[in-house]
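Numbers in my numbering are just positions in the sequence shown, counted from 1, shifted up by 1. As structure tokens, the structure follows; a few thoughts come after it.
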Amino acid sequence: MTTSTESPLSAARADVAGGVVRALAGDGARLRPDQERAVAGLVEPGARVLVVQATGWGKSAVYWAATAIRRAEGAGVTLVVSPLLSLMRDQVAAAGRAGLRAATLNSSNIEEWGSIEDSLRAGSVDVLLVSPERLANPGFGRRVLDALAGRIGLLVIDEAHAVSDWGHDFRPDYRRVSDVLTSLDPDTPVLATTATANERVTADVAHQLGEQTLVLRGPLARSSLALSVVDKLSPLERYAWVVDHLPRLDGSGIVYTLTVADAQRLTSAIRAVHGDAVPVAAYTGALAADERHRLEDALRDNEVKALVATSALGMGYDKPDLGFVVHVGAPPSPVPYYQQVGRAGRAIDHAHAVLLPSGADAGVWDYFATATIPVPEQVHRLLAGLGSFDADAPASVPALEAETGLRRGRVELMLKQLAVDGVVERVERGWLATGREWTYDAEHYDGVVAQRRREADIMRAYTDGARCLMQLLGESLDDPHATECGRCSVCVGRLPEGLEAAPAPETVAAVARCLRGEDHVLEPRKMWPGGAFGTRGRIGPDRSAEPGRVLVHADAPEWREAVSTMFERDAPAPQEVLDACVGVLARWRSSWPARPDVVVGLPAAGNPVLVGSVADHLAEVGRLDRSALEVGAPPADVREMSSADEAAAWRDSITVQDTQRVSGRCVLLVVDATASQWPITVAAAALRDAGASHVLPLLVHRRV
């Protein structure tokens, strides 16, 4: 790694770069010194440049200017590896303003791939933007990368912190960039850019690029941001705070939540209180690409007051006049937090960045600290499962899920990680083992987990307001220029004018009423797990449950106190829960395949008194018959079990006690709590085998 040195552009190259910058930023705009150094480096053969600069600094201007110069001098297409579709759309538009012909190949424009690939072969495209996942696709490699071999004029790795597993957002598919690096002409320059890399991540990325990497690092503080922390609110009060304050905040903005469920619930609460007067929408990775595009445009055009979003709306989204960013819950690291608040205040003098933390955030942090760390026993089971497949019939992810009993998301993650290590490979019809031995690097992964926990400690210090918030963020990213900002709620000793420390009590009550009146559908499982369970494949309609309902979804803030009380010890459900269950049934009845005849309880989480009280109340109110399942000792800790092992344990534990009471009848199945749904799936099959015509599950608490 080298430090920056002066390397000015020649007059001819400066003219080209200046034209690009003026097209992007207006007459009179010019490259900053570090931008000029980066461009000057990139127009030299074999250059390696890493730019670590604040959000809004203008990193994309560097690669557009470098591309324009290199294309004018006869170089090939620039390949930009970028993580998000929203970023690609913005970048294609920006490239057009800079006079460059840009195209992207992604899941949202499949119908255009053929013509774009023809243009690439003809040399009429200046810039191609692709996702790291696209690089990992064998068909893309065969059709596109092979055709571009030796003809890439510049490689750009955007959001390059994702290349490093020391970073907050490591993505195994990003390591596919190394395959492109090894196939490049040695004279092809490479640029990596990020706003969120501390010294360790910077060093790791620079090492992957090469020892002669030029690192250009600038100050990360943003003078337009007013950082604030509003602490000591309950989860429900945080929702109400947002509901109260959205109409008061200037402009439009983003409200970040830690989970998809939170984004959806908070959106519902805002709409229930404000209606069309404060237009909002939920934005998550679960949305289809065209819907995400529509919402991004709606926010950019100020058609909505805010998007209530998960981290799916983060890297790359550009709205220069974004007026505020509010976080309902603290991210597990200061790195993504800095990145997300950096969406605001890029082209305006003042923007709010408000954090609403909670003690419940720590559980989410603990999950993220270890979620991507491979578990040796699971890896070996996956590799054993891959041994059942060969080149004539490669393994699909669903097939491996059924073969191993591992959950699908875990299978997908491990395959990508093993591909990085060369232990498996993705072919056009699935996955194969390469025969290379896999070893668990305990020292490395222990270090990664320790680093993530240190970052969580920094977030605790941030939420505690120990010292200047902007300085703390800068220091967490090893910014040597970090200093007190004089603007944050710690520096000035109070919240900014217009922000209150607590929501109105009537707003809290209104939000609670709204959320308790919402229904959460419980979709039945479709496939048996195989493995230890034995049976695999689709669950037939003669053994399946109907779509059910959930009273308390995950850590629903409107039910937090009730859940704590109910599950602290096995006791009858409080009246508010009993009444809410009746309300769920009343709203559900219009979609029943048949009216329930009998109520059956299943204490899947070991709470027979709780389940019995709910089942008895519903039987009394609905004038239904009452029966029960005989349940042996529930599995000790299903969180540590594979799907197959857990399903097998429930099959061996559950017996239908009175087949005469369920035969030919519609069963309402009341369950206390589960995360996996296997107890519901297995119990429904047992009830259907005993002759039940339908099984309607009512789950009191769906855990995560």
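Heads up, the beta-carbon is just placed ideally off N, CA and C, and yes, glycines get one too. Source: prediction; values computed, not measured.
CB of residue i within 7 Å of CB of residue j, strictly
i	j	result
E456	S312	no
N199	L478	yes
V639	A691	no
V206	A161	yes
L101	D119	no
A18	V40	yes
R704	A676	yes
R550	V600	no
L308	S643	no
V491	L470	yes
L25	L192	no
L699	V663	no
A557	V615	no
L32	V22	yes
R239	G499	no
D322	S225	no
Alpha-carbon spacing of residue i relative to residue j, whole angstroms
i	j	result
S109	V668	43 Å
A649	A451	35 Å
C515	E577	15 Å
L433	R172	20 Å
R561	V553	9 Å
G97	A103	7 Å
R266	A587	21 Å
V612	E631	13 Å
L1	A278	The chain is shown only over 2 to 705; residue 1 falls outside these bounds and no answer can be derived.
A511	V274	7 Å
S125	T440	46 Å
V231	D298	30 Å
G254	R344	9 Å
D159	S83	5 Å
S628	G602	7 Å
R223	A55	8 Å
T214	A204	10 Å
Outcome for residue i when other beta-carbon atoms lying within 10 angstroms are tallied against a minimum of 16
i	result
H328	buried
H445	exposed
A289	exposed
Y715	Examination of residue 715 is not possible in this model, given that the chain is present from 2 through 705 alone.
E559	buried
Y368	exposed
I153	buried
A227	buried
DSSP state of residue i mapped onto helix, strand, coil
i	result
C667	strand
L10	coil
W529	strand
L419	helix
H328	strand
V705	coil
T440	coil
A283	strand
G254	strand
I540	coil
S628	strand
G154	strand
A354	strand
D28	coil
D322	coil
E426	strand
P698	strand
I681	helix
T3	For T3, the predicted structure reports a pLDDT of 43, less than 50, and the residue's modelled location is therefore unreliable. The matter cannot be settled from this model.
W432	strand
Cut-off 6 Å between Cβ atoms - residues of its own chain near residue i, not counting five sequence neighbours on either side
i	result
A606	D673 and A674
A403	G531 and R537
S5	Residue confidence is low: S5 scores 44 on pLDDT, short of 50, so the model does not pin down where it sits. Its coordinate-derived value is still stated next. For S5, where only same-chain residues beyond five positions count, the Cβ hits under 6 Å are R38 and L217.
A12	none
R430	P395
D362	G330 and A331
Neighbour flag for residue i against chain D, beta carbons, 7 Å
i	result
E297	Absence of chain D from the displayed structure is noted, only one protein chain being present.
Same chain only: Cβ atoms within 7 Å of residue i, ignoring 5 sequence neighbours per side
i	result
A1	This structure does not reach residue 1, given that the chain is present from 2 up to 705, and the question cannot be answered.
H505	In the sequence as presented, His is not what sits at residue 505; that position holds Ala. For A505, where only same-chain residues beyond five positions count, the Cβ hits under 7 Å are D245.
R689	D543, R544 and V696
V425	L387, L416, L419, W432, L433, A434 and T435
D251	G324
P604	V612, V632 and D673
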